[in-house]
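From first to last, the protein sequence lines are chains A and B. Just add 1 to the spot in the first sequence (first one is 1) and you have the working numbering. Just add 374 to the spot in the second sequence (first one is 1) and you have the working numbering. Ideal Cβ placement from N, Cα and C applies to all residues, glycine included. Working notes, beginning with the structure itself.
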Amino acid sequence: MTHADLRAAFLDTLCNVAPDIDPATVEDDEHIQDDLGLDSMDVLNLVTALHEILGVDIPEADYPQIATPAQAVAYLAKRLG
Amino acid sequence: MPSLGADMDAGKLVEWLVEPGDTVARGDIVAVVETQKGAIEIECFEAGVVQNLLAELGTELPVGAPLAMILAEGEAPPADSPAKATAPSPPAPPAEVTPPPAPSAPVTASATNAPVPAVAASPPAPDGTPPSSPAARLRARELKVDLATVTGSGPGGAVRLVDVERLAGAPPARSPQEEMRRAIAAAMTRSKQTIPHFYMSQTMDLHPAMTWLATRNEGRPPAERILLGALFVRAMVRAAVKVPSLNGQVNEDGFIASGPVHAGLAVALRGGGLVAPAILDAETLDLDATMAAMRDLVTRARAGRLRNREMTEGTITLSSVGESGPESMTGVIFPPQAALVGIGAPQVRPWVIGDSIQPRHVVTITLSADHRANDGRQAARFIAAFESQLSAPEAL
């Protein structure tokens, strides 16, 4: 998967968890909790969905590494690498 | 139309999930009603066979209005089945309501949801005022519209709500967000005006719970992980079992303690507002089952698919700031309950352990309690029980 594919997949999953977010308006450095308003249940749902879709099991200790779309894409690329 | 939750007195029927001839059991979802707090699934309170549907889709119906007639097994239908309930809510003041006609055939004690039209159109008055529905009369009064000037579109020229609103150029219906704010405003105003709140707080060590949880979740796939919030719910439920005077509802006769703990959960909705549905019989659920129930409840709350019992039967509610943010929260009791547990965001603070001071994750819980049902002693016992539960998370 290219970075662009991963970014699209991450945003798609994010917006499924929080349907009111418009993927077109999400900035790469926005924090999913502080800026986009996800709570702990949303983050767990996001991580669960990423596990199902991409097969990447993100441990709790790594949650800070997916805090923004840019960080998440880099993290997922490394894990899938 | 069953009760829909604090200060919601009407709902709009938007979907039937049964039809005449269907067999229904107690607890079956039979209809979906749109309320100020989103769509609510209506559970059936009786078992039997659906004889006929009395309420029409799209109708706004007050709590108590008949939705359908269900016949118990072996029960014969009444000779004179009632007409469909077509008149919308809210009912007019008593003086203007035509008394509901007695059923022409005796209704046996087992007949459920006795089919009595909730509202009736008024007959034409001698002064030429056209017949009108109660909702139309109420709205006409609000909008200062003379009913005699309205052309009715209902049967026999009866004036309906829409006729009044069209003539008055009334503003369009409020947005779901506005309706949600009104529902919250009504419930919270009632709470603060009628419930003598008092509060008690305690900051407690969260280290054992967080450490235990991290170990428990390590190596498990996301679908099997547990959130800290589930530990708080379990601690609240077990503390509520220990202090029954905080677990129940207050009605006209005073506080009624509940055997089961129906654990309310304040769920913030994306886009604004919140709902506080309850995990029913939470005392029967272990930690894993509690987490599964929370996940299900939050998902359905956000999708607007809660059930009426979840909206009305809560006996104590937990409201949490979340993972980050302010350290404490003093909440407003969700009527008709008698207690609310407010949980601040965990913080790292200097903490005395033995003779040393260590940086430690701590959390502050604040119990809001109804002074009519409790005194400080019960509140203090609850907080001690909560802290004790949280200090031994492996037993939750």
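Run of the alpha helix (DSSP H) containing residue i, from where it starts to where it stops
| i | result |
| --- | --- |
| D660 of chain B | No alpha helix (DSSP H) contains D660 of chain B, which DSSP labels as neither H nor E. |
| R594 of chain B | Careful: R594 of chain B lies outside any alpha helix (DSSP H) and carries neither H nor E. |
| V536 of chain B | 535-542 |
| Q567 of chain B | 550-568 |
| M443 of chain B | Per DSSP, M443 of chain B belongs to no alpha helix (DSSP H); it is in the beta strand (DSSP E), 442-445. |
| T49 of chain A | 41-55 |
| L714 of chain B | Element bounds for L714 of chain B: not the alpha helix (DSSP H) but the beta strand (DSSP E), 713-717. |
| Q66 of chain A | Looking at the DSSP string, Q66 of chain A is not in any alpha helix (DSSP H), and its letter there is neither H nor E. |
CB of residue i within 9 Å of CB of residue j, strictly
| i | j | result |
| --- | --- | --- |
| L517 of chain B | P504 of chain B | no |
| V406 of chain B | V398 of chain B | no |
| I717 of chain B | I690 of chain B | no |
| F606 of chain B | A380 of chain B | no |
| R612 of chain B | L770 of chain B | yes |
| Q752 of chain B | L535 of chain B | no |
| R564 of chain B | R556 of chain B | no |
| P65 of chain A | L12 of chain A | no |
| T3 of chain A | P596 of chain B | no |
| I54 of chain A | Y76 of chain A | no |
| A754 of chain B | M574 of chain B | yes |
| R513 of chain B | A542 of chain B | yes |
| V726 of chain B | S693 of chain B | no |
| L602 of chain B | E701 of chain B | no |
Endpoints, the beta strand (DSSP E) within which residue i is located
| i | result |
| --- | --- |
| L741 of chain B | 730-744 |
| S632 of chain B | Premise fails: S632 of chain B is in no beta strand (DSSP E) and is neither H nor E. |
| L427 of chain B | 422-427 |
| D579 of chain B | 571-579 |
| Q623 of chain B | 622-625 |
| R723 of chain B | 721-727 |
| P436 of chain B | 434-436 |
Where residue i falls: helix, strand or coil (DSSP)
| i | result |
| --- | --- |
| K386 of chain B | strand |
| S693 of chain B | strand |
| A459 of chain B | Note on A459 of chain B: pLDDT 47, under 50, position unreliable in the model; no value is reported. |
| P480 of chain B | Confidence at P480 of chain B is low in this model, with a pLDDT of 41, below 50, so the placement of that residue should be treated as unreliable; the coordinate-derived value is given next. Three-state DSSP puts P480 of chain B in coil, outside helix and strand. |
| N748 of chain B | coil |
| R679 of chain B | coil |
| I757 of chain B | helix |
| R669 of chain B | helix |
| G603 of chain B | helix |
| E701 of chain B | coil |
| G530 of chain B | helix |
| R515 of chain B | helix |
| A19 of chain A | coil |
| P467 of chain B | At P467 of chain B, the pLDDT of 44 sits below 50, so the modelled position is not reliable; the number obtained from the coordinates is stated separately. Here P467 of chain B sits in coil by DSSP. |
| L648 of chain B | strand |
| I414 of chain B | strand |
| Q72 of chain A | helix |
| P767 of chain B | helix |
| L587 of chain B | helix |
| E157 of chain A | Outside the shown range of chain A, which is 2 to 82, sits residue 157 of chain A, and nothing can be said about it. |
| L77 of chain A | helix |
| T431 of chain B | Before going further, note that residue 431 of chain B is Leu rather than Thr in the sequence given. It is coil, neither helix nor strand. |
heavy atom of the ligand GDP below 8 Å from residue i C-beta
| i | result |
| --- | --- |
| D29 of chain A | Only the bare structure without any ligand can be found here, which leaves the ligand GDP out of the picture. |
Residue-chain proximity (residue i, chain E), Cβ-Cβ < 9 Å
| i | result |
| --- | --- |
| A663 of chain B | No chain E is part of this structure, whose protein chains are labelled A and B. |
(message) Against chain A, which members of the region 670-681 of chain B pass a CB distance test of less than 7 Å?
(response) For chain A, the residues of the region 670-681 of chain B that bring a beta carbon within less than 7 Å of one of its beta carbons are V672, in chain order.
(message) Taking beta-carbon pairs under 7 Å, can you tell me which members of the region 35-51 of chain A lie near chain B?
(response) So the close ones are G38, D40, S41, M42, L45, V48, T49.
(request) With 9 Å as the C-beta to C-beta threshold (strictly closer), list the residues of the region 19-30 of chain A near chain B in chain order. (result) For the region 19-30 of chain A, the beta-carbon criterion of a distance under 9 Å to any beta-carbon of chain B is satisfied by A19, P20, D21, I22.
(request) Please list the residues of the region 622-644 of chain B that have a C-beta atom closer than 8 Å to any C-beta atom in chain A, keeping them in chain order. (result) The region 622-644 of chain B vs chain A, Cβ under 8 Å: A642, R644.
(request) Pull out every residue of the region 52-73 of chain A whose Cβ sits closer than 9 Å to any Cβ of chain B, in chain order. (result) Correct list: H52, E53, D58, I59, P60, E61, A62.
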